[in-house]
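Structure first, then comments.
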Amino acid sequence: MTLVDRATRCVVAWAVCQERTPELMQSVVDSAPHARSYFSDAFNTYRELCWWGHHTSMYDKSQTYSVEGTNADLRHYLARLARRSRCFSRCLRALTRAVDLFVRCYNARQLRKRKYPKYPAPLTAMI
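According to this note's numbering, the stretch in the sequence shown is residues 123 to 249, in order.
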């Protein structure tokens, strides 16, 4: 589960889990900075969570493009999240560490792209 700031496109909260439980999802929401509005897909558990601002469940992808794009980048750069038949993590701890490294580099790149939009910002240069 990831929460993404729409303005900076930075990952503000995330969790790696085997199963999306309401308790885990609520802890991710609680750990994120407060926002005026939140958008999510129509997953039922999102409606049960306590949000800090206005929450809207979207049945289309019109307002969830930031998080969907970030999740696509996450699957692109971490092969273990792409296809279960080829690459997968046997150790949840190793996956958590890989996602943590990705989020740190990805956020650094996003902030650099905002500060210096004319310069290239490859993800590998952020390590």
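Glycine included, every Cβ here is placed at the ideal spot set by N, Cα and C.
Just so we're clear, the structure is a prediction, and the values are computed from it rather than from any experiment.
Original post:
With burial defined as no fewer than 16 other Cβ atoms inside 10 Å of the residue's Cβ, what is the status of residue 164: buried or exposed?
Top reply: exposed
Original post:
Are the Cβ atoms of residue 231 and residue 245 separated by less than 8 Å?
Top reply: yes
Original post:
Roughly how far, in whole angstroms, is the beta-carbon of residue 228 from the beta-carbon of residue 182, given that I think they are within contact range, below 8 Å?
Top reply: Their Cβ separation, rounded to whole angstroms, is 25 Å, which puts residue 228 and residue 182 out of contact at 8 Å.
Subject >> Length at least 3, wholly inside the region 157-243: the beta strand (DSSP E) runs in chain order >> reply: 159-162 and 176-179
Original post:
When DSSP builds the beta bridges, which residues end up paired with residue 124?
Top reply: 136
**OP:** Note the first and the last residue of the continuous alpha helix (DSSP H) segment covering residue 250.
**Re:** What is shown of the chain runs 123 to 249, which leaves residue 250 out entirely.
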